[in-house]
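Numbers 2 to 191, taken from the working numbering, label the letters of the sequence shown in order. Below you'll find the structure, written out as structure tokens, and then a few comments.
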Amino acid sequence: MLDLVKHETERIDSRFLEPACGNGNFLAEVLRRKLAVVDSRYSKSQMEWERYSVIAVSSIYGVDILEDNAQECRDRLLGIYTDWYSKVFKQVKNECIRSVRFLLSRNILWGDALDFTNPETKQPIVFSEWSAINGSMLKRRDYMFKFLVEKTHQFAMFNDEGNAAAIDEPVKDFPLIHFLKLGEDDTNEL
2 MLDLVKHETE RIDSRFLEPA CGNGNFLAEV LRRKLAVVDS RYSKSQMEWE
52 RYSVIAVSSI YGVDILEDNA QECRDRLLGI YTDWYSKVFK QVKNECIRSV
102 RFLLSRNILW GDALDFTNPE TKQPIVFSEW SAINGSMLKR RDYMFKFLVE
152 KTHQFAMFND EGNAAAIDEP VKDFPLIHFL KLGEDDTNEL
């Protein structure tokens, strides 16, 4: 199936969402293909490889209605990443692994993709968008999954003043952060 969108798997920052990710079969292959591209372009510089591999992970999203499936998917993707990283470089940076773990905790979520909520809390599913800014910095913006999906099906929505409403406005906007500082302390918030 990924061969149908091969050109997208070759773009490191191309986003993929699996709304029923299970334990990550589809997303694991997406990650492998993205890491192969990172390898082919950046394996001569560890810092460059780390930067672009983190960007690759930041573009992979999944939701599963079963909490243990979502956790298994996160663990599987982290295992693939860690194994790959340690084969490319002898010296693995804990900060890089921590950043990837944090990204996966924000991008692979326990939720019901049909009603856009967490099955237990009924809170809306909120995804983080990660954008590379000025080389090593990342910008995080959180969006409600429901609005991301519904905006593709609606031509216009209007607010109380009759103006077009921006349904893709972030729920929360975060300051720039170095890609190796993700998950470093509670300022990164889950």
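All C-beta atoms in this analysis are idealised placements derived from N, C-alpha and C, irrespective of residue type, glycine included. Please read these numbers as outputs of a predicted model, since none were measured by experiment.
Contact between the region 112–122 and the region 80–98 is not established, with fewer than three Cβ pairs separated by less than 8 Å.
Between LEU79 and ILE61, the C-beta spacing is not below 8 Å. Using a Cβ distance threshold of 8 Å, ARG77 and GLY25 count as a contacting pair. DSSP places LYS45 outside any beta strand (DSSP E), giving it a letter other than H or E.
Per DSSP, the beta-bridge partners of GLY63 are GLU19, ILE109.
Rounded to whole angstroms, the Cβ separation of LEU183 and SER100 is 4 Å, and the two are in contact under 8 Å.
In summary, GLU170 is exposed, with fewer than 16 beta-carbon neighbours lying within 10 Å of its beta-carbon over all protein chains present.
In this structure, LEU115 is the residue among LEU177, PHE175, LEU115, ARG141 with its C-alpha nearest to the C-alpha of PHE148.
At the C-beta level, SER59 and VAL39 stay beyond 8 Å of one another.
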